[in-house]
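Peer 1:
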Amino acid sequence: MNGAEIPANQKVFIIITGLVLLCIVIELVRRRKMLEQYSALWILIGVLSVIFVWLYPLVEWITALIGAGWTTSTILFGATLALLLLNLQICVKISEFQYNIKDIVQELAMLADQVQKMQENAGRRNRNTTVSGTTHASGDPDTP
Amino acid sequence: MSTVLIIVPVHNEARLLPGLLPRLKREAKKIDAHILAINDASTDSSLRVLNNHKIHTLSHSTQLGYGSTIQTGYKYAMRFGYDYVIQLDGDGQHDPRCLSAFLQELKKKESDIIIGSRYLSPNGYPFPPLGPLYYGTVVRRIGIHLFRWVLLVLSFRWITDPTSGYIGFNRDALRFVCGKSFPFDYPDADAILTFLKNGLRVKEIPVYMYPVQKDHALHRGCGPIWYVIKVFISLFIAFIRRRENNHDERS
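If you read the sequences in order, they're chains A and B.
Heads up: the first sequence is residues 0 to 143, going by numbering that gives the first Met the number 0.
Heads up: the second sequence is residues 0 to 250, going by numbering that gives the first Met the number 0.
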């Protein structure tokens with residue numbers, strides 16, 4: 000649709016879609032189902048989709064700048080780029096979680112081991128007390 | 000209190016552990032070393048076998064993989080003050096009689112990391128191998144040969160067995176491998192490159208390695224090919240990574 004205006008019904012459809020997306024994202028953040036840091040890109044996509052409808056000459060300018068044949072190609076490229084960036088953000092976050100989970104599981108294994116040792120030591124002290132009938136000073140079985 | 004810790008990563012090795020553990024305990028006693036097994040959420044009776052042989056075991060609540068498992072051992076060694084750590088696989092591939100050779104080299108204080116190489120000639124050993132030695136499948140040997148050359152180009156060091164899991168560390172090296180720089184997803188030739196890039200002194204000694212029958216994803220089908228590709232990617236990433244500072248604070 001190079002050089003021509005977008006039909007009115009298309010404009011309305013794009014604007015409504017962009018606004019609905021914005022509302023969904025804002026609601027998810029409000030209900031704490033999505034963290035603010037992940038909403039930034041989604042909000043940008045929603046806002047840009049509304050802006051580009053009204054500033055169609057801007058889309059045409061970008062099309063000429065990047066050498067795309069059609070404005071629809073530009074829009075498709077922009078959408079693909081947005082999805083790639085979202086994926087990248089998720090991959091970075093997943094990697095961070097993997098580091099954290101590893102550290103937690105390792106720490107948990109060592110703590111469980113220490114707890115087991117403490118329980119075994121406590122059990123041994125109880126058995127020593129039971130066998131002798133008297134309570135010894137802590138850790139010193141030779142103390143009368 | 001012993002200053003040497005032997006780390007054995009274990010994941011579903013119930014069938015192979017009974018062949019290793021008595022020998023390991025005997026050799027550990029000779030060098031006054033403690034043994035620590037790290038059970039990476041095994042689903043078979045590995046934990047029961049370890050308990051039956053009275054091996055001190057840490058257990059992961061969920062499977063983390065080989066690299067994270069051995070790192071748990073490193074962190075334990077750092078936390079509880081061990082001076083030396085020697086890791087060997089829980090499948091019996093690595094001959095425990097070579098443990099004293101690792102400790103001997105580490106105590107010379109000429110190297111931070113000692114790698115056991117199956118490709119070096121063990122002429123100095125007072126004991127012969129227990130059976131036929133294992134040098135890897137054809138694909139693996141081709142991969143190892145490629146890794147040697149890539150490591151040589153990237154680090155100017157010829158490492159004969161860059162995929163060996165039979166490795167000894169001193170405390171300086173331990174401090175490094177407990178940090179974020181350690182490639183915990185699956186440490187291999189890229190781990191060696193990371194060590195060399197960060198100034199750790201690496202030396203190889205000959206060891207005996209034996210074939211074991213294991214059903215591992217990396218050993219069947221396209222597994223070996225994927226393994227080689229993965230290591231090349233990891234080598235490239237290790238080469239372009241910045242040198243880390245977390246091993247510079249030496250005691």
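The C-beta atom is built at its ideal place from N, Cα and C for all residues, glycine as well.
All figures in this text were calculated on a predicted structure; none of them were measured in a lab.
So the candidates are B:GLU12, B:LYS108, B:CYS97, B:PHE146; which of them puts its Cα closest to the Cα of B:TYR124?
Peer 2: Looking up residue 124 of chain B in the second sequence gives position 125. Checking every option, the nearest Cα to that of B:TYR124 belongs to B:CYS97.
Peer 1: Just how far apart, CA to CA, sit A:LYS96 and A:LEU107?
Peer 2: Position 97 of the first sequence, counting from 1, holds the residue named residue 96 of chain A. Position 108 of the first sequence, counting from 1, holds the residue named residue 107 of chain A. Correcting the residue identity first, residue 96 of chain A is Phe in this sequence and not Lys. Distance between the alpha carbons of A:PHE96 and A:LEU107: 16 Å.
Peer 1: By Cβ distance, which residues of its chain are closer than 6 Å to B:ILE114, with the 5 residues on each side in sequence left out?
Peer 2: For the purposes of this step, residue 114 of chain B is taken as residue 115 along the second sequence, with counting starting at 1. Here the set comprises SER163, ILE166, GLU203.
Peer 1: In the stretch 67-82 of chain B, which residues sit with their C-beta less than 8 Å from some C-beta in chain A, listed in chain order?
Peer 2: For the stretch 67-82 of chain B, which is checked against every Cβ of chain A, the residues closer than 8 Å are SER67, GLN70, THR71, LYS74, TYR75, ARG78.
Peer 1: Which chain B residues sit within Cβ distance under 9 Å of A:ALA108?
Peer 2: As a first step, residue 108 of chain A must be located in the first sequence, where it is residue number 109. Result: ILE37, ASN38, LEU57, SER58, HIS59, SER60, THR71, TYR75.
Peer 1: If contacts are defined as beta-carbon pairs under 8 Å, then B:SER1 and B:HIS33 qualify, I think. What distance do you get, rounded to the angstrom?
Peer 2: The count along the second sequence starts at 1 and reaches residue 1 of chain B at position 2. The count along the second sequence starts at 1 and reaches residue 33 of chain B at position 34. Their Cβ separation, rounded to whole angstroms, is 5 Å, which keeps B:SER1 and B:HIS33 in contact under 8 Å.
Peer 1: How long is the line joining the alpha carbons of B:TYR81 and B:LEU4, rounded to whole angstroms?
Peer 2: Looking up residue 81 of chain B in the second sequence gives position 82. Looking up residue 4 of chain B in the second sequence gives position 5. Approximately 6 Å, taken between the alpha carbons.
Peer 1: Tell me the residue span of the beta strand (DSSP E) that contains B:VAL84.
Peer 2: As a working mapping, residue 84 of chain B is identified with position 85 in the second sequence. Run containing B:VAL84: 83-86, per the beta strand (DSSP E) assignment.
Peer 1: What beta strand (DSSP E) runs, 3 residues minimum, are completely inside the stretch 48-126 of chain B?
Peer 2: Counting whole runs of 3 or more residues, the stretch 48-126 of chain B contains the beta strand (DSSP E) stretches 55-58, 83-86, 112-116.
Peer 1: Hey, how far is the Cα of A:TYR55 from the Cα of A:ILE5?
Peer 2: In the first sequence, the residue the question calls residue 55 of chain A occupies position 56. In the first sequence, the residue the question calls residue 5 of chain A occupies position 6. Approximately 8 Å between the Cα atoms of the pair.
Peer 1: Give every residue of the same chain whose Cβ lies closer than 8 Å to the Cβ of B:ARG147, excluding the five residues on either side of it in the sequence, and list them in chain order.
Peer 2: Here residue 147 of chain B is taken as the residue at index 148 of the second sequence, counted from 1. Result list for B:ARG147: TRP157, ILE158, THR159, PRO161, in chain order.
Peer 1: Checking the sheet assignment: what are the DSSP bridge partners for B:HIS33?
Peer 2: As a working mapping, residue 33 of chain B is identified with position 34 in the second sequence. Per DSSP, B:LEU4.
Peer 1: Run down chain A in chain order and give the residues with a C-beta less than 7 Å from the C-beta of B:LEU63.
Peer 2: Mapped onto the second sequence, residue 63 of chain B falls at position 64. What B:LEU63 touches in chain A: LYS101, VAL104.
Peer 1: Going by the CB atoms, is the gap between B:GLY89 and B:LEU195 shorter than 8 Å?
Peer 2: Counting from 1 along the second sequence, the entry for residue 195 of chain B is found at position 196. Counting from 1 along the second sequence, the entry for residue 89 of chain B is found at position 90. No. Outside cutoff.
Peer 1: Between the stretch 22-42 of chain A and the stretch 64-76 of chain A, are three or more C-beta pairs nearer than 8 Å?
Peer 2: No, they do not touch.
Peer 1: The stretch 67-90 of chain A: which residues have C-beta closer than 7 Å to a C-beta of chain B, in chain order?
Peer 2: Here the close residues number zero.
Peer 1: Would you kindly report the start and end of the unbroken beta strand (DSSP E) that includes B:ASN169?
Peer 2: The sequence position of residue 169 of chain B within the second sequence is 170, counting from 1. Note, B:ASN169: beta strand (DSSP E), 166-169.
Peer 1: Spell out whether any CB of chain A is found under 8 Å from the CB atom of B:PHE168.
Peer 2: Taking the second sequence and counting its residues from 1, the one referred to as residue 168 of chain B is at position 169. Closer than 8 Å: no.
Peer 1: Buried or exposed: which applies to B:ARG170, given that a residue is buried once 16 or more other Cβ atoms fall within 10 Å of its Cβ?
Peer 2: Start at 1 with the first residue of the second sequence, and residue 170 of chain B comes out as number 171. Classification for B:ARG170: buried.
Peer 1: What does the alpha-carbon distance come out to for the pair B:ARG14 and B:ALA36?
Peer 2: Walking along the second sequence from the start, residue 14 of chain B turns up at place 15. Walking along the second sequence from the start, residue 36 of chain B turns up at place 37. Taking the straight line joining both Cα atoms gives about 15 Å.
Peer 1: Rounded to whole angstroms, what's the CA-CA distance from A:PHE12 to A:SER48? Just pull it up for me.
Peer 2: In the first sequence, residue 12 of chain A corresponds to position 13, counting from 1. In the first sequence, residue 48 of chain A corresponds to position 49, counting from 1. Each residue's alpha carbon lies about 11 Å from the other.
Peer 1: Roughly how many angstroms separate the alpha carbons of A:GLY17 and A:THR73, rounded to a whole number?
Peer 2: Residue 17 of chain A sits at position 18 when you count from the first residue of the first sequence. Residue 73 of chain A sits at position 74 when you count from the first residue of the first sequence. The straight-line gap from Cα to Cα measures roughly 17 Å.
Peer 1: Which one or two residues does DSSP pair with B:GLU203 in a beta bridge?
Peer 2: On the second sequence, residue 203 of chain B is found 204 positions in, with the first residue counted as 1. Per DSSP, B:ILE114.
Peer 1: Quick check on the DSSP output: the alpha helix (DSSP H) that includes B:ILE228 runs from which residue to which?
Peer 2: The sequence position of residue 228 of chain B within the second sequence is 229, counting from 1. Note, B:ILE228: alpha helix (DSSP H), 222-239.
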